[in-house]
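Asks:
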Amino acid sequence: MSTNKYNLRNLLFSTLQKVISTYYPTLLKLEDEFYSAKDKDTFFLNNTKNTEAIICLQQFIQYTTIKLLLNNLINNLEFIAEYKKKYDNFIINKDTFDSSQLLKKLTGITFEPVLTAHPTEPLSYEILHKVSKLHIHLEENQASFDDKFVAALLLELMKTPLTPKCKLSVEDEVKDNLEYFYKLYQALPILINKIVETFSSSEIETIKKHNFLTPRSWTGGDADGNPNITALTMVNAVEAQSKTVIAWHIKVLNQLILKDISDIGLYKNIMQLRLLLVQYHGDIKNIEGNYKNFVAFFNNIMLRNEAVLKQYPRIKTILENFSMQLNTFGFHLALIDVRQNAGVYDEVYLQISKFLKKPITYTDIIQDNSLKKILFKAFKEDKFSKDYPLIQTEFLRIEAIAKFPHIFSNLIISDTKNISDILNPAALCRIFKVNPTIVPLFETIEAITNAHSIMQACLNNSHYQVLRGNKPIKIMLGYSDSEKEAGIFILPLIEKVTSDIKKHFEKQNLELSIFHGNGLDLSRGGSTLFESEQTIQGNQKRYLFNTIDNTLIYFFHTLNSKLHKVEDIFLPEVTKLAESSVISFKDLFKKGDNLSSLENYLSVASPYWLFVKTNNFSSRPSSRKVEDSKNTAFKPWLNPGYYPNGEVLAGIRAISQVNTIEGTFLNFNLWYGLEEFLHATEPSKLNKLLTASPVVNDLLLKSLIGVELTDLNAARQFFPLQIDNKFFLTIEQKYNSLMNTINKLNLKLPIQVVGELSSKKDYANSIKHFISFACKHLVYKSVNYHPKTIKELFPSDLTEEKYLELITNLFGAAYCGFTEYRAPPYSLLDVSFTFLLQSNNLQKGKDKS
């Protein structure tokens, strides 16, 4: 069946409709019942009376979620089609730079995407694989629509549980990342070959030798708050990555061996390369040495066969592309960042002091070689395990770093607040004669504001100077914790601090690199502007790296951003304009009645306790408690005595708190403060800022999308009469006032402007109502209202094991749908803002108010 981008949506959804009508006909009837029901709670109560009804409801929620997935998939395909046109001519246009300038700029750019396992991707590996398979099929077969193949895939999606069956292990998370790294592996030669089209032959060699990509991973090494990350998982991650990348290398050479090569010498050499790779596969004891030996042998073969390869241009191209992949991914695939909280090292020093029966500081360890030997000897003799387990755990971690210093090259210290937080772990590493780059991660507003003075104190410190040596200086900026404190309008301050620190280091002729921990996730408040080194988490990995074309767009978009990046001259002004917004958000969290009302509101209105705390989509506990790492999702809810108590905000991670807020369908963490910003900015000035300030572009894009994703009607359903709704009324009043301001300024909303995105609100309707229904009946806590257990709300005669599986699938499907609804792909946000600027009357200068 022939197709084009305009009817693909209809074809895909009509095929899904046929699959449902053939295999799940009751779901269509259920869908009609839902939309015609005036009281949605009654609808759900009527459809949860027995096991059969619950299974049918789970399938209905899964069906709805799949529609959301397909909608985002099609939007992404259309986005790719438009961007491919744009980037077909990328780099070829040299109006801005001459060749030498462009060459210098290009060879100064390196992409460092850091793939994490942060718990924002609820979909299981099986579902991700099938969605990717469908995506690639549709992308590669745009001239025709194979309805039978697509129908079979859609049926598979309906039959496969959306969420993992059990708590993910660290090994699962490492495996999941490998698929995305493979897209980077495949896309890299295409990127470089596209770039070299711009240059003369004398410059091409320089381009090809430049390392454009340094892939990194936190998976297996991010121990901050995750007791499941150990020295063993770190080593296992190295092994998994090494085996995988060597297998990819073998796959490339296998393609060559299958080709018709009449030159016996060349064929024999390729076979020798392949046999050497097979020999090295799985040998992690000498990764660096094996890699160097192989590269030397490969280069020798390329040189020896230079004349012969001219007769085989296709084989020469494959080998040249392989050389790029080999130089970038080596035998390690990706560098693994190790991360730990500064407070953990404080505790390690306390335990060391108890063990030695005298106070010990980083200065003592740095200066006293005999002390290093005593601690190392005690570790090797296992004297810490029983009484000082934290010393043992962290020493094992540092020992793993020492085994693979080139792979574990960064040690990130989260919650850095002073120079001791940087030098404490650096000194401990010296016990094992290893010296990774210590990367301070500034997260709180206070820490980010003080980052400049903390780093200057480091530069003035003799111990820091010795430990750093000639290594580059790197700092990391967190987003979710600062956004949790002050809302999204803290971003200009983060950008200003970044700019000021860079300028300060430049004056001292010191190179500083900034590592952005934004995750590219709208909900965390992280910058959607592409940075060369940044964390990419959860479903954002899926949106960016699920196909080669998506990956190329990521490369080109980042490259374009770095080549044409200009200083935001309005940054100091924007920071001041945002001050009132930050104050307004902070006031929400002040101690007293308002804070009490907020905590009550979040605890009763949010699906956090149902959909995040008890689900399976991360090896990391949802709060800083090991007991949250239960393997059986929802088991606590079988116990009538199990309900969360204490402050809902206590101990919850930044990401989980964002989920808590967003679960109310109010998204106030994204837009609260926007009204103050708009009032502080004159309309004529706002016009200029929209077009000339990247920070304002970024800020308004996310705030306005946050406004659009807000659903007061759904949020209002959370409240029975006896629940204090003071905080909800505060948010509602603020929202209505903000909408009046937006309408007066004639600001257009991004999703509203991009028409194809608006339909997803209809798809999400049943998801939103189910979440509010479940929260009302399972989470509410008050003197007069006793919440049900899951068994009371969803009666069933199944065994506990089968019942838990059923409930996990039901709530998991709902959370997956919720995630797709509230977190559209970055690519779509980018398109949204393009349309926003094009259609915004204010931007065009038509608004004279």
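When we follow my numbering, the leftmost residue of the sequence shown carries the number 9, and every step to the right adds one.
A virtual CB, placed ideally from N, CA and C, is assigned to each residue, including glycine.
Since we're looking at a predicted model, the values are computed, not measured.
Could you pull the start and end residues of the alpha helix (DSSP H) that residue 237 belongs to?
Replies: Segment: none, residue 237 is in no alpha helix (DSSP H) and carries neither H nor E.
Asks: Which term fits residue 807, buried or exposed, when burial requires 16 or more other beta carbons within 10 angstroms of its beta carbon?
Replies: The residue in question, residue 807, is exposed, as its Cβ has fewer than 16 Cβ neighbours within 10 Å.
Asks: For residue 25, collect the residues of the same chain with a Cβ closer than 6 angstroms to its Cβ; drop the 5 residues on either side in sequence, then sort them by chain order.
Replies: Cβ neighbours of residue 25 beyond the five flanking positions: none.
Asks: Is residue 698 helix, strand or coil when you go by DSSP?
Replies: Helix, per DSSP.
Asks: Tell me the residue span of the alpha helix (DSSP H) that contains residue 359.
Replies: Its alpha helix (DSSP H) spans residues 350-364.
Asks: So what does DSSP say about residue 427, is it helix, strand or coil?
Replies: Residue 427: helix per DSSP, three-state reduction.
Asks: In the DSSP output, which residue or residues are listed as bridge partners for residue 418?
Replies: For residue 418, which the question treats as bridged, DSSP gives the partners 445.
Asks: Is it buried or exposed, residue 130, if we count other Cβ atoms within 10 angstroms and call 16 or more buried?
Replies: It is buried - the Cβ of residue 130 has at least 16 other Cβ atoms within 10 Å.
Asks: What's the C-alpha gap between residue 735 and residue 74?
Replies: Approximately 34 angstroms, taken between the alpha carbons.
Asks: State whether the region 675-694 contacts the region 472-485, with contact taken as three or more CB pairs (one from each stretch) at a distance under 8 angstroms.
Replies: Too few Cβ pairs lie closer than 8 angstroms, so no.
Asks: At a cut-off of 6 angstroms, is residue 354 close to the ligand MG when judged by its beta-carbon and the heavy atoms of the ligand?
Replies: Although the ligand MG was asked about, the structure shown includes no ligands whatsoever.
Asks: Less than 7 angstroms between the C-beta atoms of residue 159 and residue 27, yes or no?
Replies: Yes, these two residues count as a Cβ contact at 7 angstroms.
Asks: Would you please state the rounded distance, in angstroms, between the beta carbons of residue 239 and residue 355? I believe it to be under 8 angstroms.
Replies: That pair is no contact at about 18 angstroms.
Asks: Output the distance between the C-alpha atoms of residue 165 and residue 32, rounded to the nearest integer angstrom.
Replies: Going by the C-alpha atoms only, they are around 13 angstroms apart.
Asks: By alpha-carbon positions, which one of 121, 155, 390 and 244 ends up nearest to residue 193?
Replies: Minimum Cα distance to residue 193 is reached at 121.
Asks: For the beta strand (DSSP E) that contains residue 121, what are its first and last residues?
Replies: Where residue 121 is concerned, the enclosing beta strand (DSSP E) stretches over 120-123.
Asks: Taking the C-alpha atoms as reference points, what is the distance between residue 163 and residue 137?
Replies: Approximately 14 angstroms between the Cα atoms of the pair.
Asks: Using alpha carbons as the reference points, say which of 813, 718 and 757 lies closest to residue 826.
Replies: That would be 718, whose Cα lies nearest to the Cα of residue 826.
Asks: Who are the Cβ neighbours of residue 398 in its own chain at under 6 angstroms, not counting the five residues just before and after it?
Replies: Closer than 6 angstroms at the Cβ level, and outside the excluded window around residue 398, lie 355, 356 and 359.
Asks: Can you look up residue 510 in the DSSP assignment and give me helix, strand or coil?
Replies: Of the three classes helix, strand and coil, the one that applies to residue 510 here is helix, per DSSP.
Asks: Rounded to a whole number of angstroms, what is the C-alpha to C-alpha distance between residue 53 and residue 721?
Replies: Cα-Cα distance, rounded: 20 angstroms.
Asks: Which residue marks the beginning of the beta strand (DSSP E) containing residue 543, and which one marks its end?
Replies: Run containing residue 543: 541-544, per the beta strand (DSSP E) assignment.
Asks: Distance, Cα to Cα, residue 586 vs residue 548?
Replies: If I take the Cα positions, the gap works out to 27 angstroms.
Asks: Quick one: Cα of residue 792 to Cα of residue 59, how far?
Replies: Residue confidence is low: residue 792 scores 41 on pLDDT, short of 50, so the model does not pin down where it sits. No coordinate-derived value is stated.
Asks: Curious, which full-length alpha helix (DSSP H) runs of at least 4 residues does the region 261-338 contain?
Replies: List check, alpha helix (DSSP H) in window: 272-288, 295-312, 314-317 and 321-337.
Asks: Looking at the structure shown, is residue 825 part of a helix, part of a strand, or coil, going by DSSP?
Replies: Here residue 825 sits in helix by DSSP.
Asks: Going by C-alpha to C-alpha distance, which of 336, 50 and 487 sits closest to residue 118?
Replies: The shortest C-alpha separation from residue 118 is found at 336.
Asks: Tell me which same chain residues have a C-beta within less than 8 angstroms of the C-beta of residue 69, skipping the five on either side of it?
Replies: Excluding sequence neighbours, residue 69 sits near 774, 775, 778, 818, 821, 822 and 825.
Asks: Residue 395 by DSSP, collapsed to three states: which one?
Replies: Correct three-state label for residue 395: coil.
Asks: I'd like to check one pair, residue 403 with residue 8: are the Cβ atoms closer than 7 angstroms?
Replies: Since the first residue shown for the chain is 9 and the last is 857, residue 8 is missing from the structure and cannot be characterised.
Asks: Can you name the start and end residues of the beta strand (DSSP E) that residue 526 belongs to?
Replies: Its beta strand (DSSP E) spans residues 520-527.
Asks: I believe residue 405 touches residue 346 by the beta-carbon criterion, under 8 angstroms. Please report the beta-carbon distance rounded to the nearest angstrom.
Replies: Confirmed, about 7 angstroms.
Asks: Classify residue 450 as helix, strand or coil using the three-state DSSP reduction.
Replies: Residue 450 falls in the strand class under three-state DSSP.
Asks: Distance check for residue 711 and residue 696, CA to CA, integer angstroms please.
Replies: Whole-angstrom Cα-Cα distance: 18 angstroms.
Asks: From this set, 701, 379, 317 and 147, which residue's C-alpha is nearest residue 275's C-alpha?
Replies: Of the listed residues, the one whose Cα sits closest to residue 275 is 317.
Asks: List in chain order: all unbroken alpha helix (DSSP H) runs of 4+ residues lying wholly within the region 547-608.
Replies: Runs of the alpha helix (DSSP H) inside the region 547-608: 556-571, 579-585 and 587-596.
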